[in-house]
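Visitor: These protein sequence lines map, in sequence, to chains A and B.
For the first sequence, the residue numbers in the working numbering are 384 to 495.
For the second sequence, the residue numbers in the working numbering are 43 to 157.
My structure is below; once you've seen it, I'll send some questions.
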Amino acid sequence: GAVVSQHPSWVICKSGTSVKIECRSLDFQATTMFWYRQFPKQSLMLMATSNEGSKATYEQGVEKDKFLINHASLTLSTLTVTSAHPEDSSFYICSAAYNEQFFGPGTRLTVL
Amino acid sequence: AQSVAQPEDQVNVAEGNPLTVKCTYSVSGNPYLFWYVQYPNRGLQFLLKYITGDNLVKGSYGFEAEFNKSQTSFHLKKPSALVSDSALYFCAVRDIYNQGGKLIFGQGTELSVKP
């Protein structure tokens, strides 16, 4: 149990386009989901906390208008990277909270 | 402020030898501590956690961790390392001031187990 999926697992896009990443809790309901960003061989950087039915709480330094988060249901949160640029290329990981956090497999975003 | 530190960027161990991955924490109040493992291009997998109770916590894949309050440490251990244990390991503490259970991660330690 406690499986979290992410889609897509990898995506390549052109600079200036927007990319949507989905995070789903498959066998439990999660009122809270988290979005992280990770650079190679580095720790996870929390970007935002997503609560079902309310606005996301962003960490300091994370642009709300660039990284749009929607938590429409208890099993789905989405992260949209708007007007992506090469510096947005990274590994994005979500987690869903059910007693403790369960992590998705991550999404590799490459912006050309 | 709450924090965790992993003093070693990399740990090298020979297969069959015991391994230790170090973690120290700084929290106010009782800590909720976690260990996660990450394989290349994958998300994090939960290994074990300490909330309360016995100081020695047993987790997945033969790993265990010892909570030491006086030394504010939560080192991850395994009696006999496998090559397949090679991965990136993260210690984390739950932010008790965040209702959603936000985790604060250490820097990560890369474990390399050689045959």
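C-beta: ideal position from N, C-alpha, C; glycine also.
When you compare only the Cα positions, how much space is there between ASN72(B) and ALA480(A)?
Guide: On the second sequence, position 30 is the one that residue 72(B) refers to. On the first sequence, position 97 is the one that residue 480(A) refers to. Their backbone Cα atoms lie some 20 Å apart in a straight line.
Visitor: Anything in the region 475 to 494 of chain A with a Cβ closer than 9 Å to a Cβ of chain B? List those residues in chain order, please.
Guide: Of all residues in the region 475 to 494 of chain A, ILE476, CYS477, SER478, ALA480, ASN482, GLU483, GLN484, PHE485, PHE486, GLY487, PRO488, GLY489 and ARG491 have a Cβ within less than 9 Å of some Cβ in chain B.
Visitor: Which residues in chain A have a C-beta closer than 9 Å to the C-beta of GLY150(B)? List them in chain order.
Guide: Counting from one through the second sequence, the residue named residue 150(B) turns up at place 108. Going along chain A in sequence order, the residues near GLY150(B) (Cβ under 9 Å) are LYS424, GLN425, SER426 and LEU427.
Visitor: Roughly how many angstroms separate the alpha carbons of PRO121(B) and LEU75(B), rounded to a whole number?
Guide: In the second sequence, counting from the first residue as 1, residue 121(B) sits at position 79. In the second sequence, counting from the first residue as 1, residue 75(B) sits at position 33. Straight-line Cα distance between these residues: approximately 21 Å.
Visitor: Helix, strand or coil, according to DSSP, for SER426(A) in the structure here?
Guide: For this step, residue 426(A) is matched to residue 43 along the first sequence. SER426(A) falls in the coil class under three-state DSSP.
Visitor: Residues of the region 66 to 96 of chain B in Cβ contact with chain A at a cutoff of 9 Å, in chain order, please.
Guide: Taking 9 Å as the Cβ-Cβ cut-off against chain A, the residues of the region 66 to 96 of chain B that qualify are TYR74, PHE76, TYR78, GLN80, ASN83, ARG84, GLY85, LEU86, GLN87, PHE88 and LYS91.
Visitor: Please determine if the region 390 to 399 of chain A and the region 440 to 448 of chain A are in contact, where contact requires at least 3 C-beta pairs separated by less than 8 Å.
Guide: No contact exists between the region 390 to 399 of chain A and the region 440 to 448 of chain A.
Visitor: Taking all protein chains shown into account, decide if ALA43(B) is buried (16 or more other Cβ within 10 angstroms of its Cβ) or exposed.
Guide: Numbered from 1 along the second sequence, position 1 holds the residue referred to as residue 43(B). So ALA43(B) counts as exposed.
Visitor: Going along chain A in order, which residues have a C-beta closer than 8 Å to the C-beta of PHE132(B)?
Guide: By one-based count along the second sequence, residue 132(B) stands at place 90. Within 8 Å Cβ-Cβ: SER426 and LEU427.
Visitor: Kindly indicate which three-state DSSP category SER102(B) falls into: helix, strand or coil?
Guide: Looking up residue 102(B) in the second sequence gives position 60. In the structure shown, SER102(B) sits in a helix (DSSP, three-state: H, G or I).
Visitor: At the 8 Å Cβ level, is PHE105(B) part of the contact set with chain A, yes or no?
Guide: Indexing the second sequence from 1 puts residue 105(B) at position 63. Not closer than 8 Å to any Cβ of chain A, the Cβ of PHE105(B) fails to qualify, so no.
Visitor: So that I know if they touch, is there some Cβ in chain A lying closer than 8 Å to that of PHE109(B)?
Guide: Translated into the one-based positions of the second sequence, residue 109(B) becomes position 67. Not an interface residue.
Visitor: Cβ atoms of VAL63(B) and ALA123(B): under 8 Å apart, would you say?
Guide: Working through the second sequence from its first residue, we reach residue 123(B) at position 81. Working through the second sequence from its first residue, we reach residue 63(B) at position 21. No, these two residues do not count as a Cβ contact at 8 Å.
Visitor: Taking DSSP's pairing of strands, which residues face TYR131(B) in a bridge?
Guide: What you label residue 131(B) is simply residue 89 of the second sequence in a count that begins at 1. VAL79(B) and THR151(B).
Visitor: If you drop the 5 nearest sequence neighbours on each side, which residues of the same chain put their C-beta closer than 7 Å to that of GLU405(A)?
Guide: Against the first sequence, residue 405(A) aligns to sequence position 22. Here the set comprises GLN389, HIS390, LEU459 and THR461.
Visitor: How many Å lie between VAL464(A) and SER433(A) at the Cα?
Guide: Here residue 464(A) corresponds to residue number 81 of the first sequence, with the count starting at 1. Here residue 433(A) corresponds to residue number 50 of the first sequence, with the count starting at 1. Near 15 Å, if we compare the C-alpha coordinates of SER433(A) and VAL464(A).
Visitor: Hey, quick one: how far does the beta strand (DSSP E) through GLU405(A) stretch, first residue to last?
Guide: Within the first sequence, the letter at position 22 stands for residue 405(A). Start and end: 402 to 408.
Visitor: Measuring only the C-alpha atoms, how far is THR493(A) from ASN59(B)?
Guide: In the first sequence, the residue the question calls residue 493(A) occupies position 110. In the second sequence, the residue the question calls residue 59(B) occupies position 17. In a straight line, the C-alpha of THR493(A) is about 39 Å away from that of ASN59(B).
Visitor: How about PHE132(B) and LEU86(B): are their beta carbons less than 8 Å apart?
Guide: On the second sequence, residue 132(B) is found 90 positions in, with the first residue counted as 1. On the second sequence, residue 86(B) is found 44 positions in, with the first residue counted as 1. For PHE132(B) and LEU86(B), yes; Cβs fall inside 8 Å.
Visitor: Helix, strand or coil: which one does DSSP assign to GLU470(A)?
Guide: Reading the first sequence from its first residue, position 87 is the one you call residue 470(A). Residue state, collapsed to three classes: helix.
Visitor: Give me, in chain order, the residues of the same chain whose beta-carbon lies closer than 6 Å to that of ALA439(A); leave out the 5 immediate sequence neighbours on both sides.
Guide: Looking up residue 439(A) in the first sequence gives position 56. The residues are ALA431, SER433 and ILE452.
Visitor: When the cut-off is 8 Å and only beta carbons count, does PHE116(B) lie next to chain A?
Guide: Position 74 of the second sequence, counted from the start, is the residue given in the question as residue 116(B). Taking Cβ atoms only, chain A never reaches closer than 8 Å to PHE116(B), which makes this a no.
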